[in-house]
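Engineer:
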Amino acid sequence: MTALASSSTSSSVYLENDGVVAKVAEPSIASSIIATNAVTRNFSDLHAPTWFALLSANIGLRTLLFHPIQLAISRKRVTRESTPPTLLGLVLASYRGGRTSAYGATCKAGQYNFGQGGIRGCYRGVGAALLCNLLGETSYLFTLEAMKEYVARTGSGPAPLSAADAATPHFVEERLFAASSYSAAVGAMCGDLVALLLVSPLVLVCNRQMTAGYSMAAANAYTSVPHTFRTVWGLHQRAGSGGGGRPWRAERLRRGLSGAYQGLSAGLLRIPSSGCWWGLYTKSKEALYTYAAPTLAAWGEQAREADPVSTAAPTSVWRRNWLLSPTDNPLLNAAAGVVASVCTTLLFNPIAVIQTRQQSLPPRFWEERVAAGDATSRPRPPTWRSSLPFRRVYHVANDLVRKEGVRGFLKGAPANVSVAVLDGVIFTLLFEFTKLGSDVQFLEKRHAD
Numbered sequence: 024m025t026a027l028a029s030s031s032t033s034s035s036v037y038l039e040n041d042g043v044v045a046k047v048a049e050p051s052i053a054s055s056i057i058a059t060n061a062v063t064r065n066f067s068d069l070h071a072p073t074w075f076a077l078l079s080a081n082i083g084l085r086t087l088l089f090h091p092i093q094l095a096i097s098r099k100r101v102t103r104e105s106t107p108p109t110l111l112g113l114v115l116a117s118y119r120g121g122r123t124s125a126y127g128a129t130c131k132a133g134q135y136n137f138g139q140g141g142i143r144g145c146y147r148g149v150g151a152a153l154l155c156n157l158l159g160e161t162s163y164l165f166t167l168e169a170m171k172e173y174v175a176r177t178g179s180g181p182a183p184l185s186a187a188d189a190a191t192p193h194f195v196e197e198r199l200f201a202a203s204s205y206s207a208a209v210g211a212m213c214g215d216l217v218a219l220l221l222v223s224p225l226v227l228v229c230n231r232q233m234t235a236g237y238s239m240a241a242a243n244a245y246t247s248v249p250h251t252f253r254t255v256w257g258l259h260q261r262a263g264s265g266g267g268g269r270p271w272r273a274e275r276l277r278r279g280l281s282g283a284y285q286g287l288s289a290g291l292l293r294i295p296s297s298g299c300w301w302g303l304y305t306k307s308k309e310a311l312y313t314y315a316a317p318t319l320a321a322w323g324e325q326a327r328e329a330d331p332v333s334t335a336a337p338t339s340v341w342r343r344n345w346l347l348s349p350t351d352n353p354l355l356n357a358a359a360g361v362v363a364s365v366c367t368t369l370l371f372n373p374i375a376v377i378q379t380r381q382q383s384l385p386p387r388f389w390e391e392r393v394a395a396g397d398a399t400s401r402p403r404p405p406t407w408r409s410s411l412p413f414r415r416v417y418h419v420a421n422d423l424v425r426k427e428g429v430r431g432f433l434k435g436a437p438a439n440v441s442v443a444v445l446d447g448v449i450f451t452l453l454f455e456f457t458k459l460g461s462d463v464q465f466l467e468k469r470h471a472d
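Note that our numbering has the sequence shown beginning at 24, numbered continuously upward.
1) Within 10 angstroms of its Cβ, does A395 collect 16 or more other Cβ (buried), or is it exposed?
2) Straight-line CA distance for P437 to K99?
3) How would you write the range of the alpha helix (DSSP H) that E104 sits in, first residue to last?
4) Count the other C-beta atoms from every protein chain shown that fall within 10 angstroms of the C-beta of E328, then say buried if there are 16 or more, exposed otherwise.
5) Would you call G159 buried or exposed, if buried means 16 or more other Cβ atoms sit within 10 Å of its Cβ?
6) Roughly how many whole angstroms lie between the Cα atoms of A152 and L69?
7) Classify R103: buried if its beta carbon has 16 or more other beta carbons within 10 angstroms, exposed otherwise.
8) Rounded to a whole number of angstroms, what is the C-alpha to C-alpha distance between E172 and S206?
9) Buried or exposed: which applies to P249, given that a residue is buried once 16 or more other Cβ atoms fall within 10 Å of its Cβ?
10) Go ahead and pull the three-state DSSP assignment for V442.
11) Excluding the 5 residues preceding and the 5 following H90 in the sequence, name in chain order all residues of the same chain whose CB lies nearer than 7 Å to its CB.
12) Please classify L319: does DSSP put it in a helix, a strand, or coil?
13) Classify D462 as helix, strand or coil using the three-state DSSP reduction.
14) Give the DSSP-derived three-state secondary structure of L69 in the structure shown.
15) What residue from R176, L77, S238 has the CA that sits closest to V475's CA?
16) Are V416 and I377 close, meaning C-beta to C-beta below 7 Å?
17) Quick one: residues in its chain with C-beta nearer than 6 Å to the C-beta of A208, no 5 flanking neighbours on either side, listed in chain order?
18) According to DSSP, simplified to helix, strand and coil, what is L384?
19) Between the region 457-465 and the region 70-78, are three or more C-beta pairs nearer than 8 Å?
20) Note down, in chain order, each residue of its chain lying with its Cβ closer than 7 Å to the Cβ of L347, except the 5 sequence neighbours on either side.
21) Is DSSP giving G302 helix, strand or coil here?
See the structure below:
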């Protein structure tokens with residue numbers, strides 16, 4: 024489909040496809056100040072340096088805003104209690120310098136270290152989180168946008184446009200906001216794989232810092248990022264040196280990388296969650312814009328007719344009423360983000376619990392019972408459990424089910440859904456405005472104003 028002509032004063036939109044040209048009366052939607060919109064805007068439409076700069080500011084702001092809550096969620100995931108402390112209780116405990124949510128005259132000596140509380144306690148591990156998120160999200164979103172556009176271009180195009188279809192007003196909105204949720208899902212999974220391989224060691228360090236000294240991770244000590252990484256590397260060297268002799272350099276490297284990428288198997292299982300979120304977000308956004316655009320366009324026309332002064336003088340892009348925009352509406356973006364966040368978080372919370380425990384606890388934690396059994400009995404032949412491709416995930420899940428029941432998989436789910444919804448709303452608002460603010464046409468219009 025090709026837009027042949029559109030202007031702010033025209034009352035028609037011309038659509039061409041396969042030699043068929045149709046004239047459709049739909050002025051307000053197609054006569055946007057720029058040709059792109061929140062659904063169809065791709066990486067090739069952006070000014071890359073501006074996009075990366077705005078994206079970095081977006082990521083840093085969200086990391087600083089949500090870190091105390093993420094710290095509490097990570098601690099909830101490493102508790103054995105059937106009813107772990109509340110999210111607010113954990114945040115208050117971290118502010119007071121304690122390891123539990125209990126506080127009062129009955130607390131045990133040494134339970135609270137007020138020197139480690141305050142803002143410092145709430146932002147434990149924030150340095151690793153900032154570095155991890157900046158590196159991970161930037162690579163993730165760049166890969167997502169590039170792959171999404173590549174898959175959309177190499178895939179099958181839209182169905183041929185007939186004159187009868189083009190004469191239908193609703194068909195115009197469908198074509199103006201046509202986007203491939205499949206290409207978005209594929210791009211998201213590719214981006215998640217790149218980010219996972221790139222920042223998994225930093226995620227591990229961040230999780231160990233946030234949960235150090237708490238519940239199941241009580242034996243871990245809080246140290247700096249380099250020292251925490253060396254500790255993990257050394258733990259896996261000792262975990263693999265059961266027999267005599269010094270391991271070869273290649274073997275030491277293999278064991279160290281195994282420690283640095285602990286939880287990678289659970290992370291690989293979470294890759295479909297990215298595809299699920301972006302697929303749902305793209306499809307929800309497409310549907311919302313398709314059905315809401317005519318109403319928003321009509322309201323915008325009424326507002327312009329009620330204020331003839333603003334109609335006579337061109338309005339700056341920064342002074343537009345974006346809540347009435349039929350092409351870049353923050354409310355519609357936020358609603359699509361809420362739908363995607365709720366569905367995806369509930370579906371993949373069990374894997375998030377497993378991954379957090381894998382990364383926060385020592386490698387011997389899950390195999391102590393097995394090692395004790397092997398010391399008192401003859402060697403057993405390999406079983407189907409020992410040959411599973413994700414056997415470490417199986418060990419963690421099996422331990423969780425036996426000791427905590429199926430409810431253990433939902434630990435932190437209510438808080439995680441709340442954070443995911445809030446983060447999804449803020450992310451979609453900032454991310455879409457980041458793309459809009461780096462849109463080449465938008466920048467040209469801004470300089471022209």
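Built from N, CA and C at the ideal position, the CB exists for glycine as well.
Structural biologist: Checking against the coordinates, here is how it stands:
1) Position 372 of the sequence shown, counted from the first residue, corresponds to residue 395. Annotation note: pLDDT 49 at A395 (below 50); position unreliable, coordinate value reported separately. Only exposed fits A395, as fewer than 16 other CB atoms lie within 10 angstroms of its CB.
2) The residue labelled residue 437 in the question sits at position 414 within the sequence shown. The residue labelled residue 99 in the question sits at position 76 within the sequence shown. If you take the alpha carbons of P437 and K99, they lie about 11 Å apart.
3) The sequence position of residue 104 within the sequence shown is 81, counting from 1. For E104, there is no enclosing alpha helix (DSSP H), as DSSP gives it neither H nor E.
4) Within the sequence shown, numbered from 1, the residue matching residue 328 stands at position 305. With a threshold of 16 other beta carbon atoms within 10 Å, E328 falls short and is exposed.
5) As a first step, residue 159 must be located in the sequence shown, where it is residue number 136. So G159 ends up on the buried side.
6) Start at 1 with the first residue of the sequence shown, and residue 152 comes out as number 129. Start at 1 with the first residue of the sequence shown, and residue 69 comes out as number 46. In a straight line, the C-alpha of A152 is about 27 Å away from that of L69.
7) Your numbering for residue 103 matches position 80 in the sequence shown. It is exposed - the Cβ of R103 has fewer than 16 other Cβ atoms within 10 Å.
8) As a first step, residue 172 is located in the sequence shown; it is residue number 149 there, counting from the start. As a first step, residue 206 is located in the sequence shown; it is residue number 183 there, counting from the start. Those two C-alpha atoms are separated by around 7 Å.
9) For the purposes of this step, residue 249 is taken as residue 226 along the sequence shown, with counting starting at 1. By the neighbour-count rule (16 or more Cβ atoms within 10 Å), P249 is not buried but exposed.
10) On the sequence shown, position 419 is the one that residue 442 refers to. The answer is helix: DSSP assigns V442 an H, G or I state.
11) Taking the sequence shown and counting its residues from 1, the one referred to as residue 90 is at position 67. The beta carbon of H90 lies closer than 7 Å to those of Y146, V149, A152 in the same chain, with the five residues before and after it left out.
12) Numbered from its first residue, the sequence shown carries residue 319 at position 296. Three-state DSSP puts L319 in a helix.
13) Against the sequence shown, residue 462 aligns to sequence position 439. Three-state DSSP puts D462 in a strand.
14) Stepping through the sequence shown from its first residue, residue 69 is reached at position 46. It is a strand residue.
15) Here the chain covers residues 24 to 472 and nothing more, so residue 475 does not appear.
16) For this step, residue 416 is matched to residue 393 along the sequence shown. For this step, residue 377 is matched to residue 354 along the sequence shown. In this structure, I377 lies closer than 7 Å to V416 by Cβ.
17) Position 185 of the sequence shown, counted from the start, is the residue given in the question as residue 208. Hits under 6 Å: G298, W301, G302.
18) If you number the sequence shown from 1, residue 384 lands on position 361. DSSP places L384 outside both helix and strand once states are collapsed to three, so it counts as coil.
19) At 8 Å Cβ cutoff, the stretches touch.
20) As a first step, residue 347 must be located in the sequence shown, where it is residue number 324. Within the same chain, L347 has close Cβ partners L319, W322, G323, A326.
21) As a position in the sequence shown, residue 302 is number 279, starting the count at 1. DSSP places G302 in helix when its eight states are reduced to three.
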